[in-house]
Amino acid sequence: MSGGALRRLRGLLRKEFVQIWRDPSAIAIAFLVPALLLLLCGYGISLDAADVPLAVATERPTALAESFAGAFAQSSYFAPRRFLAAQDAERVMRAREAQGFLWLPSDFARRADSSGKSPIGVIVNGVDANNARIIEGYVQQAWIGWLAAQARQAGRPSPTLIEVEPQMRFNAAAISRDFIVPGLIAVIMTLTGAMLTALVVAREWERGTMEALLVTRVTIREIMFAKLVPYFVLGMGGMAASVAIAMGLFGVPLRGSLLALTGASALFMLAALGMGLFISTFARSQFVACQVAILATFLPALILSGLIFDINSMPLAIQIVTNLVAARFFVAILQTAFLAGDVWSVILPNAAALVVMAAAFLGAARALARKRLD
Amino acid sequence: MWRRVLALVVKELFAALRDRKSRTVLILPPLVQLVVFGYAATYDLDRVPTAIYDQDPSEASRDLVARFLGSPTFHLAAMLKSSERIDELIDSRKVALVLTIDRRFTRDLLTGRPAPVQAIVDGRNSNTALLIEGYVSSIVTDFSLAWAADHGGQAPPVALDARARFNPTLSSRWFFLPSIVALLTQIVTLLVVSLSVARERESGTFDQLLVTPLRQIDILIGKGLPGLLIGLCEGSVIVAAAVWWFEVPLRGGLIALYLGLMLFVVAVAGVGLMISSLAATQQQALLGVFLFMVPSIILSGFATPIANMPAWEQQLTLINPMRYFLVVVRTVFLEGADVASLAQQYWPMAAIGAVALTAAGWLFRSRTT
């Protein structure tokens with residue numbers, strides 16, 4: 001790079017920094033938005049059900065029925081409410097005051113004694129299928145525990161012949177916040193990146209200042225570079241604030257190295273800002289740039305990144321589509337870096353994908369900007 | 375007077391739809407997203423990559439393994455001969471589950487001691503991990519009961535008979551598709567409404583609008599109605615796609631659904647206009663949209679139940695229109711809810727809409743001077 005180019009670049013960078021300084025909304029976007037959204041959403045987004053309201057209908061309160069119902073009262077998963085008639089329990093479920101109900105029919109104890117199979121009805125509201133499945137799982141656990149306790153009392157061998165010993169790696173207590181908060185950082189930084197850059201080029205075109213810049217000797221590459229650097233600095237600042245909140249406030253452990261986290265964050269930031277610049281050059285007007293930024297960032301990052309929905313379980317065509325979402329690679333890195341540590345076999349391929357995305361977005365933005373001159 | 379308002383509505387519709395890019399943005403991406411999200415948003419696990427380490431290759435253990443491989447939930451990724459690779463497979467996410475059948479498996483089964491089976495799961499997504507554990511435990515329990523029956527054992531005196539109402543196969547797609555109606559309708563309405571005032575303010579034409587004989591309420595209607603119309607149209611398309619393309623049962627009436635959709639779109643348009651009239655520039659409007667949209671979706675019960683939130687945050691969701699509409703759209707679709715049973719959901723949306731629109735109308739003027 002010649003001395004002239006360097007001087008031009010310094011001038012351009014100075015202009016961008018002065019513009020940011022005069023209208024501090026970019027600083028607010030970079031720091032306040034991630035912090036605010038992470039605080040609001042980090043507390044609210046949890047998949048750990050506790051005290052699930054459950055109705056229990058024991059039509060004839062025999063000792064056996066009581067001991068079964070008692071097993072649920074002790075469980076921390078359930079907040080059971082007792083009824084005598086199944087209709088009452090059903091009514092409570094329909095009114096959405098209980099997620100489901102257990103039904104112990106009046107001949108429950110008699111049929112269990114005569115060694116015929118005595119059925120307990122487990123009826124759950126299946127609208128929220130995930131929750132329903134988790135509740136069914138909890139009920140089954142409580143049932144198995146109760147059967148084993150009954151067998152022990154009677155001196156019989158345990159009815160469950162197999163003991164499953166579950167071992168959850170990286171998150172033994174299954175705290176959903178520990179994986180959701182790092183993932184949320186990826187989603188929120190996607191928005192921040194787009195918000196920071198999506199309008200900067202469109203605004204210059206709209207106001208005609210881009211033409212003014214272009215008649216000088218600066219090149220498009222220099223303009224793009226000057227637009228990228230200040231927002232990259234701001235974005236990394238926001239990222240650091242988010243990581244500090246995740247660790248300090250939400251108590252998410254960071255098992256990997258800060259170096260890996262910083263490197264991956266820098267790559268992701270380039271991809272997110274590159275996407276913003278691409279939107280900006282593609283849209284031509286601030287209005288369309290805003291619309292595209294709203295549509296293309298939040299929902300894809302939330303739904304297609306693997307943050308909450310398992311990518312492996314999606315149909316193949318959709319799995320391929322998820323490769324267009326930079327957050328997908330960053331979520332994989334963040335969840336590994338926070339919970340598992342520096343597992344390079346996960347971090348490196350995802351980091352490589354981020355490099356490709358960043359290069360593609362920035363390259364496309366530059367090519368589009370050049371085409372607009374013709 | 376209505377002619378003037380109508381003229382304004384037509385102008386706003388033109389502004390949103392005249393520009394080819396803006397028109398494309400309003401119509402194409404939401405439809406693509408409907409299809410993509412419709413298939414992507416599910417908690418149902420499918421083909422979970424699984425490694426099996428059978429230390430006791432015997433008839434019983436092969437039976438158990440066959441039950442796993444026969445289930446569509448699990449997909450065999452590796453058959454292990456030693457425990458060496460377990461850590462590497464889990465760490466690198468090549469498998470999400472390692473099932474280890476202990477050497478004593480058959481012996482313990484025959485002598486009536488609990489036979490150990492170890493299930494190591496990748497807990498980096500603890501929800502997926504819990505679901506995998508649930509599937510494992512139910513397959514193992516089924517196997518254990520069948521084995522006992524075959525070997526002259528005693529069946530347990532009490533059995534569970536589990537049924538799910540409204541969604542017998544517990545398809546989580548049935549749960550998420552109606553929710554996508556809410557998600558995309560909100561986004562489209564915000565796209566049309568939230569930038570409209572800010573854009574005119576930035577280019578200076580909003581002041582011209584204020585000096586016309588149009589009253590505040592006329593401007594409010596003129597600015598809000600296009601978003602309302604476009605939001606309703608897109609909402610209807612998504613409902614139709616959910617019913618005919620994704621085959622989610624629509625058990626309730628259209629009146630209950632559309633009353634909810636209408637109130638929801640009014641409330642969202644109100645919030646959008648509020649954001650738009652607060653913002654001096656389009657960049658500020660964009661910021662406002664994100665600050666409203668992100669919490670409104672995450673704190674709506676869309677992906678995680680509201681009941682799991684801390685109490686103060688549950689209170690906060692009371693001002694979120696999407697919270698109510700999600701209940702409406704889900705229960706109308708799956709439970710066949712009627713208008714009367716949804717009154718508790720309708721009136722808060724109406725109240726939010728009224729407050730937001732009033733505030734927006736007031737902000738029109740106060741921000742000008």
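Protein chains in written order, with my numbering: chain Z, 1 to 374; chain A, 375 to 743.
Cβ coordinates follow ideal geometry from the N, Cα and C atoms, glycine included.
- A check of alpha carbon separations from Ala109 of chain Z across Z:Ala73, Z:Thr62 and Z:Met93 identifies Z:Thr62 as the nearest.
- Taking a 10 Å sphere around the C-beta of Cys607 of chain A, we find fewer than 16 other C-beta atoms and assign the residue as exposed.
- Listed in chain order, the positions of the region 673-697 of chain A with a beta carbon within less than 7 angstroms of a beta carbon of chain Z are Leu673, Ala677, Thr678, Pro679, Asn682, Met683, Pro684 and Glu687.
- Residue state for Gln492 of chain A is assigned as strand, using DSSP reduced to three classes.
- Taking 8 angstroms as the upper bound for CB-CB distance, Val622 of chain A and Phe707 of chain A are in contact here, some 6 angstroms apart.
- Under the Cβ distance rule, Lys597 of chain A does not count among the residues neighbouring chain Z, no pair being separated by less than 8 angstroms.
- Taking a contact to require three or more Cβ pairs closer than 8 angstroms, the region 70-82 of chain Z and the region 53-60 of chain Z qualify as touching.
- Scanning chain Z for C-beta atoms nearer than 8 angstroms to the C-beta of Val491 of chain A yields Ile162, Glu163, Val164 and Glu165, reported in chain order.
- With its beta carbon less than 8 angstroms from one in chain A, Ala132 of chain Z belongs to the interface.
- Residue-level contact by beta carbon holds for Asp128 of chain Z and chain A, with a gap shorter than 8 angstroms.
- Using beta-carbon distances, Lys395 of chain A counts as an interface residue toward chain Z, with a partner under 8 angstroms.
- Taking the beta carbon of Tyr43 of chain Z as reference, the chain A residues within 8 angstroms of it are Met683, Pro684 and Glu687, listed in sequence order.
- When secondary structure is reduced to three states using DSSP, Thr424 of chain A falls in the strand class.
- When rounded, the separation of the alpha-carbon atoms in Leu307 of chain Z and Arg498 of chain A is 10 angstroms.
- For Glu433 of chain A, the uninterrupted alpha helix (DSSP H) run begins and ends at Glu433 to Gly444, by DSSP.
- Contact annotation: Val92 of chain Z and Arg81 of chain Z have beta-carbon atoms nearer than 8 angstroms.
- The C-beta of Ile120 of chain Z comes closer than 8 angstroms to at least one C-beta of chain A.
- Membership of Ile120 of chain Z in the beta strand (DSSP E) is indicated by the continuous run Ser118 to Asn125.
- When secondary structure is reduced to three states using DSSP, Arg487 of chain A falls in the coil class, being assigned neither helix nor strand.
- Setting aside the 5 residues that flank it on each side, Phe250 of chain Z is surrounded in the same chain by Gly42, Arg177 and Val181, each with a C-beta closer than 7 angstroms to its C-beta; the list follows chain order.
- Where Val252 of chain Z is concerned, there is no enclosing alpha helix (DSSP H), because DSSP gives it neither an H nor an E.
- Asn501, Thr502, Ala503, Leu504, Leu505, Glu507, Gly508, Val510, Ser511 and Ser512: these are the residues of the region 501-512 of chain A whose beta carbon lies less than 8 angstroms from some beta carbon of chain Z, given in chain order.
- Distances from the alpha-carbon of Ala85 of chain Z to those of Z:Gly100, Z:Arg96, Z:Pro105 and Z:Arg94 put Z:Pro105 closest.
- Taking a Cβ-Cβ cut-off of 7 angstroms, the neighbours of Tyr413 of chain A in chain Z comprise Met314, Pro315 and Ile318, given in sequence order.
- Nearest to Phe232 of chain Z by alpha-carbon distance, out of Z:Ile175, Z:Thr262 and Z:Pro119, is Z:Thr262.
- Secondary structure at Met453 of chain A: strand, using DSSP grouped into helix, strand and coil.
- At a cut-off of 8 angstroms between C-beta atoms, Asn171 of chain Z counts as an interface residue with respect to chain A.
- For Ile303 of chain Z, the uninterrupted alpha helix (DSSP H) run begins and ends at Gln286 to Leu304, by DSSP.
- At a cut-off of 8 angstroms between beta carbons, Glu458 of chain A makes no contact with chain Z.
- Measuring C-alpha to C-alpha distances from Ala677 of chain A to each of Z:Ser25, Z:Met357 and Z:Ala129 identifies Z:Ala129 as the nearest.
- Against chain A, the beta carbon of Ile175 of chain Z has neighbours under 8 angstroms at Ser500, listed in chain order.
- If the five residues before and after Ala616 of chain A are omitted, its C-beta is found closer than 8 angstroms to the C-beta atoms of Gly412, Leu551, Pro552, Ile554, Val555, Val622, Leu624 and Phe707, all from its own chain and listed in chain order.
- Ala538 of chain A: member of the beta strand (DSSP E) spanning Val532 to Arg539, first to last residue.
- Beta-bridge annotation (DSSP): Arg169 of chain Z is paired with A:Asp496.
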